[in-house]
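For reference, the structure is listed below as structure tokens.
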Amino acid sequence: MTDNIIEKLYNSGNLTDSEFKLLIETDDKDDVKLLTKYADETRQKYYGKKVFLRGLIEISSYCKNNCLYCGIRRSNKNAERYRLSREEIMSCCENGYELGFRTFVMQGGEDSYFTDDFMCDIIHEVKEKFPDCAVTLSLGERSYESYRRLKEAGADRYLLRHETASDSLYRKLHPQEMSLKNRKKCLFNLRELGYQVGAGFMVGVPFQTTENIIEDLRFLQELKPHMIGIGPFIPHHDTPFADEKGGTLETTLRLLGILRLMFPKVLLPSTTALGTISPVGRELGLKTGCNVVMPNLSPVSVRKKYELYDNKICTGEESAECRVCLENRIKSAGYEISSERGDAL
Ligand code: 5AD
Ligand code: FES
Numbered sequence: 033m034t035d036n037i038i039e040k041l042y043n044s045g046n047l048t049d050s051e052f053k054l055l056i057e058t059d060d061k062d063d064v065k066l067l068t069k070y071a072d073e074t075r076q077k078y079y080g081k082k083v084f085l086r087g088l089i090e091i092s093s094y095c096k097n098n099c100l101y102c103g104i105r106r107s108n109k110n111a112e113r114y115r116l117s118r119e120e121i122m123s124c125c126e127n128g129y130e131l132g133f134r135t136f137v138m139q140g141g142e143d144s145y146f147t148d149d150f151m152c153d154i155i156h157e158v159k160e161k162f163p164d165c166a167v168t169l170s171l172g173e174r175s176y177e178s179y180r181r182l183k184e185a186g187a188d189r190y191l192l193r194h195e196t197a198s199d200s201l202y203r204k205l206h207p208q209e210m211s212l213k214n215r216k217k218c219l220f221n222l223r224e225l226g227y228q229v230g231a232g233f234m235v236g237v238p239f240q241t242t243e244n245i246i247e248d249l250r251f252l253q254e255l256k257p258h259m260i261g262i263g264p265f266i267p268h269h270d271t272p273f274a275d276e277k278g279g280t281l282e283t284t285l286r287l288l289g290i291l292r293l294m295f296p297k298v299l300l301p302s303t304t305a306l307g308t309i310s311p312v313g314r315e316l317g318l319k320t321g322c323n324v325v326m327p328n329l330s331p332v333s334v335r336k337k338y339e340l341y342d343n344k345i346c347t348g349e350e351s352a353e354c355r356v357c358l359e360n361r362i363k364s365a366g367y368e369i370s371s372e373r374g375d376a377l
């Protein structure tokens with residue numbers, strides 16, 4: 033039914049809003065098959081069978097923000113808070129380097145403890161010890177000056193999901209003091225400063241409509257990020273959205289396929305959230321255009337505390353196990369791990 037729409041997306045990388053709507057909402061099995069096939073073909077055309085690894089280090093579960101969907105929001109009094117010391121972060125990197133990682137992602141809540149001085153020192157040290165590695169930060173909204181200093185210290189990339197490009201939906205997911213305008217501004221600042229930038233959104237978050245998702249796609253066309261991180265929304269029991277439905281595997285995969293055809297060269301992670309809603313979620317992601325996975329490198333003792341949503345996987349194992357587990361999953365899906373830094377084409 034929508035096969036000519038899929039052909040059009042494959043050939044031109046773009047659709048009209050009404051065509052996007054049809055494709056996002058179709059439940060025709062043949063359409064889904066064709067989209068998956070083209071997404072995989074497109075990914076293989078540019079990246080072959082390579083899958084890039086990013087070692088994720090969750091440096092702090094403190095957060096000053098109060099996003100309604102997130103398990104580490106400041107009002108969650110049941111959340112256990114921790115911060116990694118500089119030594120602990122360095123030892124995660126050493127461990128990761130041994131395991132073959134050439135990108136370290138330092139992610140955390142918006143925690144004022146991690147000042148620019150503190151982060152710059154860590155970035156310098158990582159870059160000095162591991163000059164062949166990329167440093168990615170994912171520390172939320174900061175000032176232009178802060179992003180500038182971190183870049184100068186050696187940070188290469190920054191992940192900041194826009195979460196939703198719709199003003200009205202943004203309002204329903206965040207408290208008054210946060211603004212979509214500032215978030216978008218941060219993303220454009222990061223790009224201007226020369227970071228490789230990752231944006232993205234959640235699929236199936238409460239109140240989200242197909243029209244909202246199309247707004248996300250349009251925003252991504254404007255921003256042109258190097259990486260796009262999407263995953264299903266998964267309710268967390270200690271948040272206002274505890275009783276809401278989560279995003280589905282089908283819709284997330286659908287959007288991954290669409291994103292691969294819209295942005296043939298983008299870095300597209302098969303996310304932990306996708307692996308959480310289905311035991312084969314990440315493998316299916318890889319078969320639908322994804323070419324990045326982000327194994328958990330955080331110390332085992334803190335993993336359960338960085339609980340953005342319920343039942344998050346990879347909170348028990350040692351980092352070596354995540355590395356091996358993912359290697360097996362990548363192979364079983366028919367792809368191969370790349371030991372390169374994995375910069376965007
Ligand atoms: N379900 C799925 N993803 C979530 N995130 C935050 N809370 C949830 C949730 N409940 C995502 C956000 C954030 C990223 C680090 O995790 O998109 O940017
Ligand atoms: Fe962490 Fe499989 S990736 S256990």
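Heads up, the sequence shown is in the working numbering, so the first residue is 33 and it goes up one at a time. Backbone N, C-alpha and C fix where the C-beta goes; we use that ideal spot for every residue, glycine too.
Chain-order list of residues whose beta-carbon lies under 6 Å from that of Ile-246 (same chain, five-residue window excluded): For the purposes of this step, residue 246 is taken as residue 214 along the sequence shown, with counting starting at 1. Closer than 6 Å at the Cβ level, and outside the excluded window around Ile-246, lie Asp-49 and Phe-52.
Does the contact criterion of 3 or more C-beta pairs under 8 Å hold for the region 290 to 302 versus the region 60 to 80? yes
Ile-155 CB to nearest heavy atom of the ligand 5AD below 7 Å: As a working mapping, residue 155 is identified with position 123 in the sequence shown. Result no, Cβ not under 7 Å from the ligand 5AD.
Give the list of continuous alpha helix (DSSP H) stretches no shorter than 4 residues that lie fully inside the region 158 to 183. At a cut-off of 4 residues, not a single continuous stretch assigned as alpha helix (DSSP H) sits fully inside the region 158 to 183.
Give a single yes or no on whether Ala-305 has its beta carbon closer than 7 Å to a heavy atom of the ligand 5AD. Taking the first residue of the sequence shown as position 1, residue 305 is located at position 273. Yes, Cβ of Ala-305 sits closer than 7 Å to a heavy atom of the ligand 5AD.
Just how far apart, CA to CA, sit Phe-146 and Asp-199? The residue given as residue 146 occupies position 114 in the sequence shown. The residue given as residue 199 occupies position 167 in the sequence shown. Phe-146 and Asp-199 have their C-alpha atoms spaced approximately 29 Å apart.
Cutting at 8 Å between CB atoms, please list the residues of its own chain near Asp-63, excluding the five before and the five after it. Within the sequence shown, numbered from 1, the residue matching residue 63 stands at position 31. Cβ within range, chain order: Met-33, Thr-34, Asp-35, Ile-38 and Leu-55.
How is the beta strand (DSSP E) around Ser-92 delimited, first residue to last? Translated into positions along the sequence shown, residue 92 becomes position 60. That run of the beta strand (DSSP E) goes 87 to 92.
Where the alpha helix (DSSP H) through Tyr-123 begins and ends: Along the sequence shown, one-based indexing puts residue 123 at 91. According to the sequence shown, residue 123 is Ser rather than Tyr. That run of the alpha helix (DSSP H) goes 118 to 130.
Looking only at its own chain, which residues have a Cβ that is under 8 Å from the Cβ of Ser-107, when we skip the five neighbours before and after it? As a first step, residue 107 is located in the sequence shown; it is residue number 75 there, counting from the start. Here the set comprises Asn-98.
State the start and end residues of the unbroken beta strand (DSSP E) segment that holds Gly-263. Counted from its first residue, the sequence shown places residue 263 at position 231. Unbroken beta strand (DSSP E) run through Gly-263: 259 to 264.
Which of the three DSSP states, helix, strand or coil, is assigned to Asn-221? Stepping through the sequence shown from its first residue, residue 221 is reached at position 189. Look at Asn-221 here: in three-state DSSP terms it is helix.
Please go through the region 244 to 299 and give each complete beta strand (DSSP E) segment of 3 or more residues, from N-terminal end onward. 259 to 264
For the ligand 5AD, any of its heavy atoms closer than 7 Å to the Cβ of Glu-195? Indexing the sequence shown from 1 puts residue 195 at position 163. At least one heavy atom of the ligand 5AD is nearer than 7 Å to the Cβ of Glu-195, so yes.
DSSP three-state label for Lys-82, please. Position 50 of the sequence shown, counted from the first residue, corresponds to residue 82. Three-state result, Lys-82: strand.
Got a sec: does the ligand 5AD put a non-hydrogen atom nearer than 7 Å to the Cβ of His-268? Working through the sequence shown from its first residue, we reach residue 268 at position 236. The ligand 5AD approaches His-268 closely enough that one of its heavy atoms is under 7 Å from the residue's Cβ.
DSSP three-state assignment for Arg-105, whether helix, strand or coil: For this step, residue 105 is matched to residue 73 along the sequence shown. Arg-105 falls in the coil class under three-state DSSP.
Taking the straight line between their C-alpha atoms, what separation do you get for Ala-352 and Val-83? As a first step, residue 352 is located in the sequence shown; it is residue number 320 there, counting from the start. As a first step, residue 83 is located in the sequence shown; it is residue number 51 there, counting from the start. Whole-angstrom Cα-Cα distance: 18 Å.
Per-residue burial, Asp-13 [other beta carbons within 10 Å of its own, 16 or more giving buried]: Given that the chain is displayed from residue 33 to residue 377, the structure contains no residue 13 and the question cannot be resolved.
Can Tyr-202 and Leu-212 be called in contact, C-beta distance under 8 Å? The count along the sequence shown starts at 1 and reaches residue 202 at position 170. The count along the sequence shown starts at 1 and reaches residue 212 at position 180. It is a contact, given that the beta carbons lie within the stated cut-off.
Within 7 Å: the Cβ of Arg-294 and any heavy atom of the ligand 5AD? Taking the first residue of the sequence shown as 1, we reach residue 294 at position 262. For the record, residue 294 in the displayed sequence is Met; it is not Arg. No, the ligand 5AD has no heavy atom inside 7 Å of this Cβ.
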